[in-house]
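Novice:
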Amino acid sequence: MFYTKVLDFQLVKMEDSSSSARLAPAMSPETKARTAKLSLGDECLDITEYSSPKGKSFPGDSRANDLWFEHVAIVVSNMNEAYERLKVAHVSFVSNVPQTLPEWNKDAGGISAFYFRDPDGHYLELIHFPSGKGQPKWQMPSKKIFLGIDHTAIAVSNTERSIAFYRDNLHFHVAGSSENYGEEQEHLSGVFNAHVVITSLRTESGIGIELLDYVTPSSGRPIPANLRVSDVARWQIPLEVTPGPASVNAIEGLSLTHWIKLPARDGTDREAVWVKDPDGHLLELIKRGTHMEPVKQ
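Counting from 1, one number per residue, gives the positions in the sequence shown under the UniProt record's numbering.
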(Lines of atoms letter the chains of each structure in order from A and count residues from 1; the text may use other names and numbers.)
(Lines give C-alpha, C1' and ligand atoms only; values in the text may rest on other atoms or scores of the structure.)
Protein backbone atom coordinates (compact mmCIF):
# COMPACT_ATOMS: atom_id res chain seq x y z
CA MET A 1 0.00 0.00 0.00
CA PHE A 2 1.27 3.46 -0.96
CA TYR A 3 0.78 5.05 2.46
CA THR A 4 2.52 2.30 4.41
CA LYS A 5 5.37 1.59 1.98
CA VAL A 6 6.23 5.14 0.92
CA LEU A 7 5.05 7.38 3.78
CA ASP A 8 5.55 5.02 6.74
CA PHE A 9 1.93 5.00 7.92
CA GLN A 10 0.94 1.99 10.01
CA LEU A 11 -2.11 -0.09 9.14
CA VAL A 12 -4.19 -0.20 12.33
CA LYS A 13 -7.01 -2.28 10.88
CA MET A 14 -8.93 -3.07 7.71
CA GLU A 15 -12.67 -3.48 8.12
CA ASP A 16 -15.93 -3.78 6.23
CA SER A 17 -17.46 -0.33 6.62
CA SER A 18 -20.59 -0.89 4.53
CA SER A 19 -23.00 -0.41 7.44
CA SER A 20 -21.53 3.00 8.30
CA ALA A 21 -21.16 4.06 4.66
CA ARG A 22 -24.88 3.45 4.02
CA LEU A 23 -25.73 6.13 6.58
CA ALA A 24 -23.78 8.89 4.83
CA PRO A 25 -25.69 11.47 2.76
CA ALA A 26 -27.36 10.15 -0.42
CA MET A 27 -25.88 6.65 -0.09
CA SER A 28 -28.06 3.64 -0.91
CA PRO A 29 -28.90 0.66 1.35
CA GLU A 30 -26.86 -1.51 -1.05
CA THR A 31 -23.64 0.47 -0.54
CA LYS A 32 -20.56 -1.70 -0.06
CA ALA A 33 -17.30 -0.30 1.28
CA ARG A 34 -14.19 -1.18 3.21
CA THR A 35 -11.97 1.15 5.21
CA ALA A 36 -8.29 1.04 6.09
CA LYS A 37 -7.50 2.90 9.30
CA LEU A 38 -3.94 4.23 9.14
CA SER A 39 -1.85 5.96 11.77
CA LEU A 40 1.21 8.18 11.62
CA GLY A 41 2.54 9.37 14.95
CA ASP A 42 -0.44 10.49 17.03
CA GLU A 43 -2.74 11.07 14.06
CA CYS A 44 -5.03 8.82 12.03
CA LEU A 45 -6.24 8.76 8.43
CA ASP A 46 -9.09 6.60 7.13
CA ILE A 47 -9.11 5.52 3.48
CA THR A 48 -12.40 4.09 2.20
CA GLU A 49 -12.90 2.12 -1.01
CA TYR A 50 -16.44 1.88 -2.37
CA SER A 51 -17.07 -1.23 -4.46
CA SER A 52 -20.77 -0.44 -4.92
CA PRO A 53 -21.63 2.10 -6.10
CA LYS A 54 -18.25 2.73 -7.69
CA GLY A 55 -17.40 6.42 -7.35
CA LYS A 56 -16.13 8.74 -10.05
CA SER A 57 -12.36 9.08 -10.44
CA PHE A 58 -10.51 12.21 -9.37
CA PRO A 59 -10.98 14.93 -12.06
CA GLY A 60 -7.90 14.84 -14.27
CA ASP A 61 -7.81 18.61 -14.79
CA SER A 62 -7.95 19.50 -11.07
CA ARG A 63 -5.93 22.47 -9.86
CA ALA A 64 -4.98 23.50 -6.33
CA ASN A 65 -7.32 26.52 -6.50
CA ASP A 66 -10.42 24.43 -7.30
CA LEU A 67 -12.72 24.41 -4.29
CA TRP A 68 -12.75 20.62 -4.03
CA PHE A 69 -9.01 20.82 -3.30
CA GLU A 70 -8.02 19.34 0.04
CA HIS A 71 -4.84 17.81 1.37
CA VAL A 72 -3.35 16.51 4.57
CA ALA A 73 -0.01 18.02 5.59
CA ILE A 74 2.49 15.34 6.60
CA VAL A 75 5.24 16.70 8.82
CA VAL A 76 8.77 15.52 8.05
CA SER A 77 11.98 15.77 10.05
CA ASN A 78 14.15 16.10 6.95
CA MET A 79 12.66 17.43 3.71
CA ASN A 80 15.50 16.25 1.48
CA GLU A 81 15.26 12.65 2.70
CA ALA A 82 11.47 12.66 2.38
CA TYR A 83 11.68 14.09 -1.14
CA GLU A 84 14.19 11.42 -2.16
CA ARG A 85 11.80 8.75 -0.87
CA LEU A 86 9.07 10.11 -3.15
CA LYS A 87 11.39 10.26 -6.16
CA VAL A 88 12.48 6.64 -5.73
CA ALA A 89 8.81 5.61 -5.56
CA HIS A 90 8.01 7.55 -8.78
CA VAL A 91 5.26 9.51 -7.04
CA SER A 92 3.18 11.98 -9.06
CA PHE A 93 4.49 15.49 -8.27
CA VAL A 94 2.55 18.76 -8.18
CA SER A 95 5.45 20.95 -7.01
CA ASN A 96 8.59 20.83 -9.15
CA VAL A 97 10.90 20.61 -6.10
CA PRO A 98 10.45 21.34 -2.37
CA GLN A 99 9.90 25.05 -1.80
CA THR A 100 11.16 27.09 1.17
CA LEU A 101 9.00 30.15 1.78
CA PRO A 102 10.94 33.44 1.79
CA GLU A 103 12.00 35.19 5.00
CA TRP A 104 10.01 38.33 4.15
CA ASN A 105 6.93 36.25 4.91
CA LYS A 106 6.90 36.82 8.67
CA ASP A 107 4.47 34.03 9.55
CA ALA A 108 5.54 31.35 7.08
CA GLY A 109 9.14 32.23 6.20
CA GLY A 110 11.53 29.28 6.49
CA ILE A 111 8.79 26.65 6.27
CA SER A 112 9.46 24.22 3.43
CA ALA A 113 6.72 22.30 1.65
CA PHE A 114 6.07 20.01 -1.29
CA TYR A 115 2.80 19.02 -3.00
CA PHE A 116 2.29 15.59 -4.55
CA ARG A 117 -0.54 13.13 -5.21
CA ASP A 118 -1.36 9.61 -4.12
CA PRO A 119 -2.19 6.85 -6.67
CA ASP A 120 -5.88 7.89 -6.72
CA GLY A 121 -5.10 11.57 -7.30
CA HIS A 122 -5.60 12.92 -3.77
CA TYR A 123 -3.36 15.88 -3.01
CA LEU A 124 -0.86 15.51 -0.16
CA GLU A 125 1.75 17.84 1.28
CA LEU A 126 5.10 17.31 2.93
CA ILE A 127 5.90 20.11 5.37
CA HIS A 128 8.94 20.90 7.49
CA PHE A 129 8.84 23.47 10.28
CA PRO A 130 12.06 25.29 11.20
CA SER A 131 12.82 26.14 14.81
CA GLY A 132 10.17 28.46 16.24
CA LYS A 133 7.46 27.53 13.72
CA GLY A 134 4.60 25.06 13.98
CA GLN A 135 3.41 23.03 16.96
CA PRO A 136 6.03 22.29 19.66
CA LYS A 137 5.68 18.53 19.08
CA TRP A 138 7.24 18.88 15.63
CA GLN A 139 10.45 20.25 17.16
CA MET A 140 11.12 17.13 19.22
CA PRO A 141 14.17 15.11 18.05
CA SER A 142 13.23 12.03 16.04
CA LYS A 143 14.96 9.42 13.89
CA LYS A 144 11.80 9.03 11.83
CA ILE A 145 11.38 10.89 8.53
CA PHE A 146 7.57 11.08 8.56
CA LEU A 147 6.28 12.33 11.91
CA GLY A 148 2.52 12.87 11.74
CA ILE A 149 -0.28 15.01 10.32
CA ASP A 150 -0.33 18.70 11.24
CA HIS A 151 -3.47 19.84 9.43
CA THR A 152 -5.84 19.35 6.56
CA ALA A 153 -6.01 22.24 4.08
CA ILE A 154 -9.12 23.18 2.08
CA ALA A 155 -9.63 25.70 -0.70
CA VAL A 156 -12.26 28.32 0.17
CA SER A 157 -13.87 31.20 -1.70
CA ASN A 158 -14.27 33.65 1.18
CA THR A 159 -11.97 33.59 4.21
CA GLU A 160 -14.16 35.64 6.55
CA ARG A 161 -17.25 33.57 5.80
CA SER A 162 -15.36 30.33 6.45
CA ILE A 163 -13.80 31.65 9.67
CA ALA A 164 -17.26 32.62 10.93
CA PHE A 165 -18.62 29.15 10.14
CA TYR A 166 -15.87 27.20 11.89
CA ARG A 167 -15.53 29.64 14.79
CA ASP A 168 -19.17 30.30 15.60
CA ASN A 169 -20.53 26.80 15.03
CA LEU A 170 -17.62 24.46 15.71
CA HIS A 171 -15.49 26.46 18.20
CA PHE A 172 -12.32 26.68 16.13
CA HIS A 173 -10.08 29.70 16.70
CA VAL A 174 -7.69 31.48 14.36
CA ALA A 175 -4.19 30.29 15.27
CA GLY A 176 -2.30 32.15 12.55
CA SER A 177 -2.44 33.58 9.06
CA SER A 178 -0.17 34.52 6.19
CA GLU A 179 -0.33 35.83 2.64
CA ASN A 180 1.75 33.73 0.26
CA TYR A 181 2.71 34.75 -3.26
CA GLY A 182 5.69 34.82 -5.58
CA GLU A 183 7.54 32.13 -7.46
CA GLU A 184 7.83 29.85 -4.41
CA GLN A 185 4.04 29.69 -4.05
CA GLU A 186 3.61 29.17 -7.80
CA HIS A 187 6.09 26.30 -7.84
CA LEU A 188 4.57 24.79 -4.69
CA SER A 189 0.95 24.76 -5.83
CA GLY A 190 1.49 24.36 -9.56
CA VAL A 191 -0.82 27.35 -10.08
CA PHE A 192 0.50 30.27 -12.17
CA ASN A 193 0.31 33.68 -10.46
CA ALA A 194 -0.78 32.06 -7.19
CA HIS A 195 -1.56 34.57 -4.43
CA VAL A 196 -3.12 32.85 -1.43
CA VAL A 197 -4.48 34.07 1.90
CA ILE A 198 -3.85 31.24 4.37
CA THR A 199 -5.62 30.98 7.72
CA SER A 200 -4.85 28.31 10.31
CA LEU A 201 -7.77 27.17 12.48
CA ARG A 202 -7.30 25.10 15.64
CA THR A 203 -9.24 23.64 18.53
CA GLU A 204 -7.89 22.60 21.94
CA SER A 205 -6.43 19.40 20.49
CA GLY A 206 -6.18 17.43 17.27
CA ILE A 207 -5.05 18.49 13.85
CA GLY A 208 -5.93 21.88 12.40
CA ILE A 209 -7.92 23.03 9.41
CA GLU A 210 -6.14 25.43 7.06
CA LEU A 211 -8.13 27.73 4.78
CA LEU A 212 -6.62 28.47 1.36
CA ASP A 213 -8.27 31.49 -0.27
CA TYR A 214 -6.83 32.21 -3.73
CA VAL A 215 -6.83 35.95 -4.42
CA THR A 216 -5.37 35.10 -7.83
CA PRO A 217 -6.15 33.31 -9.96
CA SER A 218 -9.85 33.60 -9.16
CA SER A 219 -10.79 30.88 -11.62
CA GLY A 220 -11.13 28.08 -9.07
CA ARG A 221 -14.20 25.95 -9.78
CA PRO A 222 -16.86 25.20 -7.13
CA ILE A 223 -17.43 21.75 -5.70
CA PRO A 224 -19.89 19.99 -8.05
CA ALA A 225 -23.36 19.73 -6.55
CA ASN A 226 -23.50 16.05 -7.53
CA LEU A 227 -20.19 15.07 -5.88
CA ARG A 228 -21.01 11.94 -3.88
CA VAL A 229 -19.44 10.50 -0.76
CA SER A 230 -18.19 7.57 -2.86
CA ASP A 231 -16.44 9.79 -5.44
CA VAL A 232 -12.66 9.83 -5.10
CA ALA A 233 -12.49 13.64 -4.90
CA ARG A 234 -14.81 13.75 -1.88
CA TRP A 235 -12.88 14.15 1.37
CA GLN A 236 -14.67 13.91 4.70
CA ILE A 237 -13.39 15.57 7.87
CA PRO A 238 -14.45 13.81 11.11
CA LEU A 239 -14.82 16.04 14.16
CA GLU A 240 -15.68 15.01 17.71
CA VAL A 241 -18.49 16.98 19.32
CA THR A 242 -18.07 17.87 22.99
CA PRO A 243 -21.10 16.61 24.94
CA GLY A 244 -23.46 19.37 26.03
CA PRO A 245 -26.61 21.13 24.81
CA ALA A 246 -24.81 24.25 23.55
CA SER A 247 -22.67 22.31 21.09
CA VAL A 248 -25.47 20.01 19.97
CA ASN A 249 -27.96 22.85 19.48
CA ALA A 250 -25.48 24.85 17.39
CA ILE A 251 -24.86 21.85 15.15
CA GLU A 252 -28.53 20.96 14.79
CA GLY A 253 -29.10 24.48 13.52
CA LEU A 254 -26.65 23.77 10.68
CA SER A 255 -27.89 20.43 9.49
CA LEU A 256 -30.87 19.34 7.44
CA THR A 257 -30.62 15.85 8.89
CA HIS A 258 -30.96 14.38 12.37
CA TRP A 259 -28.34 12.57 14.42
CA ILE A 260 -27.96 9.01 13.13
CA LYS A 261 -26.88 6.11 15.30
CA LEU A 262 -23.71 4.50 13.95
CA PRO A 263 -22.66 0.88 14.42
CA ALA A 264 -21.23 0.49 17.92
CA ARG A 265 -17.47 0.22 18.41
CA ASP A 266 -15.88 -1.18 21.55
CA GLY A 267 -19.35 -1.61 23.03
CA THR A 268 -20.18 2.11 23.02
CA ASP A 269 -22.82 4.01 21.12
CA ARG A 270 -21.96 6.71 18.61
CA GLU A 271 -24.11 9.15 16.70
CA ALA A 272 -23.19 11.25 13.70
CA VAL A 273 -24.54 14.03 11.56
CA TRP A 274 -23.09 15.31 8.28
CA VAL A 275 -22.90 18.99 7.44
CA LYS A 276 -21.26 21.02 4.69
CA ASP A 277 -19.24 24.18 5.20
CA PRO A 278 -20.00 27.29 3.09
CA ASP A 279 -18.02 25.94 0.13
CA GLY A 280 -19.39 22.40 0.32
CA HIS A 281 -16.60 20.58 2.16
CA LEU A 282 -18.14 17.64 4.00
CA LEU A 283 -17.80 17.31 7.78
CA GLU A 284 -18.82 14.28 9.82
CA LEU A 285 -19.63 15.37 13.37
CA ILE A 286 -19.51 12.57 15.92
CA LYS A 287 -20.76 12.37 19.47
CA ARG A 288 -20.14 9.27 21.49
CA GLY A 289 -20.60 7.50 24.82
CA THR A 290 -18.49 8.62 27.77
CA HIS A 291 -16.40 5.43 27.75
CA MET A 292 -15.34 5.74 24.13
CA GLU A 293 -11.77 6.66 23.22
CA PRO A 294 -11.50 10.17 21.72
CA VAL A 295 -12.08 10.56 18.01
CA LYS A 296 -8.97 11.81 16.24
CA GLN A 297 -9.57 14.20 13.41
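Here a beta-carbon is modelled for each residue, glycine too, at the ideal position from N, C-alpha and C.
1. Of all the alpha helix (DSSP H) runs that stay within the bounds of the UniProt domain "VOC" (1-129), which reach a length of 4 or more residues?
2. Using three-state DSSP, classify A164 as helix, strand or coil.
3. Just to confirm my understanding: we take E284, look at its own chain, exclude 5 residues before and 5 after, and list those with CB closer than 6 Å. What are they?
4. Where does L147 sit, in a helix, a strand or coil, going by DSSP?
5. Should E43 and G148 be called a contact, given that it needs their Cβ atoms to be closer than 7 Å?
6. Name, in chain order, the residues that DSSP records as bridge partners for residue 298.
7. Closest to S219 by CA distance: which of A108, G132, A155 and E70 is it?
8. Does the Cβ-Cβ distance between F2 and D118 come in under 7 Å?
9. Quick one: what's got a C-beta closer than 8 Å to residue 344's C-beta in the same chain, skipping five residues either side?
10. Could you spell out where the alpha helix (DSSP H) holding N185 opens and where it closes?
11. Helix, strand or coil for I223? Go by DSSP, reduced to three states.
12. Pair every Cβ in the segment 215-232 with every Cβ in the segment 64-79, then say whether three or more of these pairs are closer than 8 Å.
13. Suppose you measure from the CA of I286 to the CA of K32; what does that come to, to the nearest Å?
14. Near P217, which residues of its chain fall below 8 Å by C-beta distance, leaving aside the five closest residues on each side in sequence?
15. What are the boundary residues of the beta strand (DSSP E) that includes D213?
16. DSSP state of P136, grouped into three classes?
17. Can you give the Cα-Cα distance for F114 and L124, rounded to whole angstroms?
18. Which residue comes first and which comes last in the beta strand (DSSP E) that contains R288?
19. First and last residue of the beta strand (DSSP E) that includes P238?
20. Please report the straight-line C-alpha distance between R288 and F172, rounded to a whole angstrom.
21. How many angstroms separate the CA atom of R161 from the CA atom of P278?
Specialist: Quick look at the numbers:
1. Counting whole runs of 4 or more residues, the UniProt domain "VOC" (1-129) contains the alpha helix (DSSP H) stretches 2-5, 18-21 and 79-88.
2. A164: helix per DSSP, three-state reduction.
3. So the list reads Q236, P238, A272 and W274, once near-sequence residues are dropped.
4. Note: L147 maps to strand in three-state DSSP.
5. In this structure, E43 sits near G148, with a CB-CB distance shorter than 7 Å.
6. Because the chain in this structure spans residues 1 to 297, residue 298 falls outside the shown range and cannot be described.
7. Distances from the alpha-carbon of S219 to those of A108, G132, A155 and E70 put A155 closest.
8. Yes, these two residues count as a Cβ contact at 7 Å.
9. What the structure shows of the chain is the stretch from 1 to 297, and residue 344 is not part of that stretch, so it cannot be assessed.
10. Note on identity: in this sequence residue 185 is Gln, with Asn being the wrong assignment. Taken as a continuous stretch (DSSP letters only), the alpha helix (DSSP H) holding Q185 covers E183 to S189.
11. Of the three classes helix, strand and coil, the one that applies to I223 here is coil, per DSSP.
12. Taking one beta carbon from each stretch, the segment 215-232 and the segment 64-79 have 3 or more pairs nearer than 8 Å; the two touch.
13. Cα atoms of I286 and K32: separation of roughly 21 Å, rounded to the nearest angstrom.
14. If you ignore the 5 residues before and after P217, its C-beta comes within less than 8 Å of the C-beta of N65, V191, F192, N193 and A194, all in its own chain and listed in chain order.
15. Counting along the chain, D213 sits inside the beta strand (DSSP E) bounded by residues G208 to T216.
16. The answer is helix: DSSP assigns P136 an H, G or I state.
17. Straight-line measurement puts the Cα of L124 at about 8 Å from the Cα of F114.
18. Note, R288: beta strand (DSSP E), L282 to R288.
19. Taken as a continuous stretch (DSSP letters only), the beta strand (DSSP E) holding P238 covers Q236 to E240.
20. Roughly 20 Å between the two C-alpha positions.
21. Each residue's Cα considered, the two are about 7 Å apart.
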